[in-house]
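Read through the structure below, which is laid out as structure tokens, and then see the notes.
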Amino acid sequence: MNTVQEQWDGFRKLVVPKDAPEVQVTEMRRAFYAGVEAMLRIQWAIGDDAVSEDAGVAILEGVHDECRRFAEDVANGAA
């Protein structure tokens, strides 16, 4: 899976109900792509010469921790 479209297709199969209204599918796809864009912006910022390697690693670890916490909240019905 090397494209965002392929990632979306896999995500959709896992989490979007087959009978979801088209508006739900459209809004979820928009949110999915917005998440990809947000992550790209973080990665581009890390690539700036003003960001040290250690700072870049810390930023990515922070994003990973945030995503892990969100996944736990979803699993617990809190998100």
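For the sequence shown, our numbering gives the first residue as 31, with consecutive numbering after it. Yeah, the Cβ is synthetic: ideal placement off N, Cα and C, and Gly gets one too. Note that this is a predicted model, so its numbers are computed, not measured.
Non-local beta-carbon contacts of Phe62 in its own chain, meaning distances under 7 Å to residues more than five positions away in sequence, involve Trp38, Phe41 in chain order.
Inter-residue distance for Leu44 and Leu90 is about 25 Å (C-alpha atoms, whole angstroms). Of the residues Glu52, Val81, Thr33, Arg98, the one whose Cα lies closest to the Cα of Val66 is Thr33.
Taken atom to atom, the span from the alpha-carbon of Arg60 to that of Lys48 is near 18 Å. The continuous alpha helix (DSSP H) containing Ala64 extends over residues 52 to 76. Bounds of the alpha helix (DSSP H) holding Ala85 are 83 to 105.
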